[in-house]
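Everything in the sequence shown is counted per our numbering, starting at 154 for the first residue and increasing by one.
For glycine and all other residues, C-beta sits at the position ideal for the given N, C-alpha and C.
The structure under discussion appears below in the form of structure tokens.
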Amino acid sequence: MTEINGAQSLIQALESSGVDTVFGIPGGAILPAYDPMMDSKKVRHILVRHEQGAGHAAEGYAQVTGRVGVCMATSGPGATNLVTPIADAHMDSVPMVAITGQVPSNAIGTDAFQEADIRGITFPITKHNYLVTNADDIPRAIAEAFHLALSGRPGPVLVDISKDALNAKTTFNWPPVMNLPGYHPTTKPNSKRVKEAAERIIAAKKPVLYVGGGVIKSHASKELLQLAELTQIPVVTTLMARGAFPDSHPQHLGMPGMHGSVAAVGSLQQSDLLIALGTRFDDRVTGQLSSFAPEADVIHVDIDPAEIGKNRFAHVPIVGDAKETIIELIAALKDEHKAGRIGNYEDWWANLNRLRTEYPLGYDHPVDGSLSPQYVIERIGAISGPEAVYAAGVGQHQMWAAQFVKYENPGTWLNSGGLGTMGYAIPAAMGAKVGAPDKTVWAIDGDGCFQMTNQELATCTLNDIPIKVGLINNNALGMVRQWQSLFYNNRYSNTDLNSNRVPDFVKLADAYGCHGLRCEKREDVDKTIEKALSLNDAPVVIDFVVHKDAMVWPMVAAGMSNSEIKFARDMAPQWMRSDDE
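If you want it as structure tokens, here you go:
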């Protein structure tokens, strides 16, 4: 057996794990791994401009491919720059393996140059992490990391490897024997619980399918559609589940939560049974938890037992993979139907359809003739179509992209849902384009978010990754400004970017080797988007100069009850009234 060093073993382990792309930046402690990677015929390394970009790119790659995204950094600041995307992947259950170099093992704990306890730092935000100081352990650590990242509830795994382990002599054996005695994720649901769930669904008068991102993670969109059409129960999809169920389907009520549709929020508040699939009852959906869906019993399906009952008591707790559970639930419901027991939701639908009709999502065009940001985003979606991929930053533009782009397919909507990371869009779109090179990939970004990670446009240009950037430029930190308008008497403390075109985003795009376009008029929106779609030899950045005071509606203020949803300033819908009032 040929003797190699630990770095060569690492690259061979990545190749054997099916890795075709690594996003990263070299540095002293990880440098030994970069030499054999140069000779790899299977692994493409994409040199990013900041380690945060590497992590978000790995997330974007994972989201569109369903595979594990991989990023790499050196010790100390290189590793700590990965903390934000690792935390982001942890919150949103994204399968990612982060590989970091570490100072030599005999220097660990001495405060050596560029030393950081990245394993300790990331302990709360990884599914598992490793410190490898023996070259013989590298293949096993990599194999286990990929298995952990993708199985069960997906998430990030960190593998920190000391420099002496990368340089030490070893032999390569694959596949290694994995040693994970305490790791046995439950994928198959309890059949008795599934039967009980089916019986409760039949008995309910006002059920709702409350769908979370776990349905996308388990590739269960087809099964969800079958379940919904079999039962004729209304469907709401959370921010992380946009695309899990087609927006065009008549049973889809939209997105619930802080900026959800009135029909979606109202359906949950009035429901007598929530069928929660792969969702965690987070605060952005529930609002004030004590007043959330006050009359509803809960069927909660999740692959992570820690989520069951964490925020809301589950009357029927089902630990299992969403896809496997939905398949069994469909079979149980068919048995109920054969026995003549079928749910009747006619009155429920009459109420919900009234909400949809009376309180549709919408927006006004500014009276001063300036550009509506909602219109821009709506037209990007309409012209690019449902097969495109849309990655959003965080803030108003994120919510508008969730509301006004029509999603028909899973894996076409990428955003930082749990952590709310500004700067996510550009690198995530880059990773998505690498993973799906034949798709049109948009980064819908705000001018605040864009200035955090726009350096990755250089990475895109130099690596032939022609993403499209729709820059919603209102010269402000828009969502924070909205809160200051509503709750702080229009006192705009440090939210006005006051750019005066500093920077000039078109010139900046040109400096990065991108196509830079600017649009300031409604009549120019369509042709500018079409121009961007026609340019595929380099990234395209469109500076959409939009109205500064546009707001995201509907809105439930943080900590308030969903029953206090407003669809414009001081305007609350009377969705709790009965049909004959």
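Of the residues Asp313, Asp264 and Val709, the one whose Cα lies closest to the Cα of Phe276 is Asp313. Here Thr263 is exposed, its C-beta having fewer than 16 other C-beta atoms within 10 Å. Where Leu383 is concerned, there is no enclosing beta strand (DSSP E), although the alpha helix (DSSP H) around it starts and stops at Ser374 to Thr384. With contact defined as three or more Cβ pairs closer than 8 angstroms, the segment 625–637 and the segment 593–610 are in contact.
Positions of the alpha helix (DSSP H) runs, each at least 4 residues long and wholly inside the segment 493–522, are given as 499–511 in order along the chain.
Taken atom to atom, the span from the alpha-carbon of Gly367 to that of Asn259 is near 42 angstroms.
By the Cβ rule, the segment 350–364 does not count as touching the segment 313–328, because fewer than three pairs are nearer than 8 angstroms. With fewer than 16 neighbouring CB atoms inside 10 Å of its own CB, Thr510 falls in the exposed class. Around Leu505, the same chain offers Pro387, Leu406, Ala416 and Ser420 as residues with beta carbons nearer than 7 angstroms, after the five sequence neighbours per side are excluded.
Within the segment 620–674, the runs of beta strand (DSSP E) that reach at least 3 residues and sit entirely inside it are, in chain order, 621–626 and 668–672.
Less than 8 angstroms separates the beta-carbon of Gln635 from that of Met704.
Within the DSSP secondary-structure output, Asp450 pairs in a beta bridge with Leu426. Closest option to Leu426, judged by alpha-carbon separation, among Pro360, Leu514, Ser443 and Lys370: Pro360. A Cβ-Cβ contact shorter than 8 angstroms links Ala182 with Val256.
Nearest C-alpha to Ile164 among Asn715, His203, Arg272 and Phe325: Phe325. DSSP lists no bridge partner for Ala417.
Look at His243 here: in three-state DSSP terms it is helix. Using a Cβ distance threshold of 8 angstroms, Ile199 and Thr612 count as a contacting pair. If you check the CB distance, Ala210 and Pro619 do not come in under 8 angstroms. DSSP, read as helix, strand or coil, puts Thr279 in coil. From the listed residues Thr565, Phe434 and Gln422, the smallest Cα separation to Ser716 is found for Gln422. Between Leu184 and the set Gly171, Gly206, Gln161 and Gly588, the nearest pair of CA atoms involves Gln161. Per the C-alpha coordinates, the member of Met708, Gly712, Pro726 and Ala721 positioned closest to Pro409 is Met708. In the DSSP assignment, Met249 falls within the beta strand (DSSP E) that extends over Met249 to Gln255. Here the segment 186–193 makes no contact with the segment 226–239; the two share fewer than three CB pairs at distances below 8 angstroms. By the neighbour-count definition (other C-beta atoms within 10 Å, threshold 16), Lys345 is an exposed residue.
Runs of the beta strand (DSSP E) spanning 3 or more residues and lying entirely within the segment 333–408 occur at 360–364, 388–390 and 405–407, in chain order. Within the same chain, Val547 come within 8 angstroms of Gly573 by CB-CB distance, once the 5 residues on both sides are set aside. In the three-state scheme derived from DSSP, where H, G and I count as helix and E and B as strand, Gly231 is classed as helix. By the CB criterion at 8 angstroms, Ser401 and Lys559 fall inside the cutoff.
Counting along the chain, the unbroken alpha helix (DSSP H) around Met583 starts and ends at Ala578 to Gly588. For Ile471, the three-state secondary structure derived from DSSP is strand. In the displayed model, Ser714 falls within a strand according to three-state DSSP. Residue pairing by DSSP puts Leu284 in a beta bridge opposite Asp313.
When the alpha-carbon of Cys602 is set against those of Val529, Leu615, Gln404 and Asn568, the nearest one is in Asn568. At a Cβ-Cβ threshold of 8 angstroms, Gly576 and Thr606 count as neighbours.
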